[in-house]
Amino acid sequence: MKIKTKIWIEEDNAVVFGEGRYLILKTALELGSLKASAEKLGLSYRAAWGKIKATEKFLGIKLVESSRGRKGGISLTTEAHKLLDLYEQLKNDIKNYADQKFREQFLEKIWQER
């Protein structure tokens, strides 16, 4: 048995950042294109772009820059790299905490009661 967690950041019930936006940026970084990222993730380009723009607006930072000379190409800003790193760390910390508490408060008690 294992526990699963899902995290996202909200403000006023609107998503600021979460796994979906993380994957859009991470895949765009790997593929060098927001369009290719959207296609790989099964999103329209417009939906992916809208999510990134909404996050930029909420956070007040620029996440992507157009790569001149490359049709549809983008690069991630320093702030985007920092956001990805911070989100990965937060996700790992929460997973580790949830795993520990699940073992301590659930699994150990179930096995004790058997």
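Take 1 as the starting number for the sequence shown in the UniProt record's numbering and just add one per residue.
Ideal Cβ placement from N, Cα and C applies to all residues, glycine included.
Quick caveat, the model's predicted, so the values are computed rather than measured.
| Asked | Found |
| --- | --- |
| Minimum C-alpha distance to residue 66 - residue among 39, 77 and 40 | 77 |
| Separation of residue 100 from residue 36, as counted between CA atoms | 38 angstroms |
| Residue closest to residue 19, alpha-carbon to alpha-carbon, out of 41, 106 and 105 | 41 |
| Entirely enclosed beta strand (DSSP E) segments - the UniProt domain "HTH lysR-type" (24 to 80), minimum 3 residues | 64 to 66 and 74 to 76 |
| Under the three-state DSSP convention, the category residue 9 falls into | strand |
| Residue range of the unbroken beta strand (DSSP E) whose run includes residue 106 | From DSSP, residue 106 is part of no beta strand (DSSP E); its letter is neither H nor E. |
| Selected residue, minimal CA-CA separation from residue 83, among 16, 3, 38 and 105 | 16 |
| Cα-Cα separation between residue 56 and residue 21, rounded to whole angstroms | 11 angstroms |
| Residues sharing a beta bridge with residue 15, DSSP | 10 |
| Buried versus exposed, by CB contacts within 10 Å (16 or more), residue 51 | buried |
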